[in-house]
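Q: Quick one: the structure is below, and I'll ask about it shortly.
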Amino acid sequence: MELVQQTVAGYDAKSTFFLLPEHCPASNGTPNADYKLAATALQWRFKALVKQGAEIAVHGSIGTAVDRHRLAREQTQMPAPAAGNRFHYLSWEPRRTLAVVEEVGFAYDSTLGFAEHFGFRNSYCLPFRPFDFTQGRACTFLEIPLNVMDATLHHPNYLQLAPTKSYRLYCPCFRKSSGLAASAP
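Our numbering puts the first residue of the sequence shown at 3, with every later residue one more than the last.
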């Protein structure tokens with residue numbers, strides 16, 4: 003995490019670390035975090051990252067996309083104030099999730115992406131206010147589309163790419179969307 007923070011800061015940008023507060027598996031056995039957020043050593047590291055300019059956000063555990071009470075509780079477990087959210091496994095239920103994110107009071111969400119591949123889930127790469135058709139109005143929070151989930155490139159359930167192949171495949175997408183040039187490591 004510290005290396006990511008330093009590298010991103012070197013580009014005059016800010017890192018956001020989405021922390022998954024739930025350690026126990028979901029009721030269906032699907033895993034949540036493989037770490038305990040309350041661990042003292044982790045708390046110290048997260049607070050140090052925030053002091054260095056990083057942001058902490060909620061990585062809502064399985065089931066929180068439809069349960070505002072659980073999501074609000076997870077927000078209070080963060081080691082620093084959390085203005086943003088991204089749901090675990092990119093869980094999203096349009097008729098319920100919009101209201102959950104809004105009711106908890108997040109400034110932004112970054113769940114709209116694909117688990118199976120990179121690219122923009124709604125074919126739009128800029129932040130926008132989702133429209134809540136059940137309420138007939140735009141939401142108060144911003145949706146910041148997710149271009150690639152951390153596990154998408156290498157996880158056995160997804161693309162299963164080696165790091166060098168991931169870089170060659172994904173880097174052109176990054177250069178086009180950001181306007182930055184990148185060179186191979």
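The beta carbon of each residue, even a glycine, is placed where N, CA and C say it ideally should be. Predicted model only: the values in this text are computed from it and were never measured.
State yes or no: is the C-beta of P129 within less than 7 Å of the C-beta of L144?
A: Yes, the Cβ-Cβ distance between P129 and L144 is below 7 Å.
Q: Whole angstroms are fine: how far does the CA of Q137 sit from the CA of T18?
A: For T18 and Q137, the distance between alpha carbons rounds to 30 Å.
Q: Grouping DSSP H, G and I as helix and E and B as strand, with all else coil, what is L144?
A: Strand at L144.
Q: Please name the residue in A164, L22, K49, P23 whose C-alpha comes closest to that of Q7.
A: Among A164, L22, K49, P23, the Cα nearest to that of Q7 belongs to K49.
Q: Rounded to whole angstroms, what is the Cα-Cα separation between G107 and L92?
A: Cα-Cα distance, rounded: 19 Å.
Q: Taking the alpha carbon of E24 as the reference point, which residue from R75, A84, T9 has its own alpha carbon closest?
A: Checked all of R75, A84, T9; the closest Cα to E24 is R75.
Q: Among P147, A67, L148, which one has its Cα closest to the Cα of A28?
A: Comparing Cα positions, the closest option is A67.
Q: Helix, strand or coil for R97 per DSSP?
A: DSSP places R97 in helix when its eight states are reduced to three.
Q: On the DSSP bridge assignment, give the partners of D111 in chain order.
A: Note: D111 sits in a beta bridge opposite N87, E145.
Q: In whole angstroms, what is the alpha-carbon distance linking V60 and T78?
A: Rounded to the nearest angstrom, the two C-alpha atoms are 9 Å apart.
Q: In this structure, how does DSSP classify R47 when only helix, strand and coil are distinguished?
A: Note: R47 maps to helix in three-state DSSP.
Q: Which class does T66 belong to by DSSP, given the choice of helix, strand or coil?
A: Helix at T66.
Q: Express the C-alpha separation of M80 and L22 in angstroms, rounding to a whole number.
A: Roughly 9 Å between the two C-alpha positions.
Q: Output the distance between the C-alpha atoms of M3 and R139, rounded to the nearest integer angstrom.
A: Roughly 38 Å separates the two Cα atoms.
Q: Hey, out of R72, A40, G65, P96, whose CA is closest to A82's CA?
A: Looking at the Cα atoms, A40 is the closest of the given residues.
Q: Let me know if L73 comes out buried or exposed under the rule of 16 or more other beta-carbons within 10 Å of its beta-carbon.
A: So L73 ends up on the buried side.
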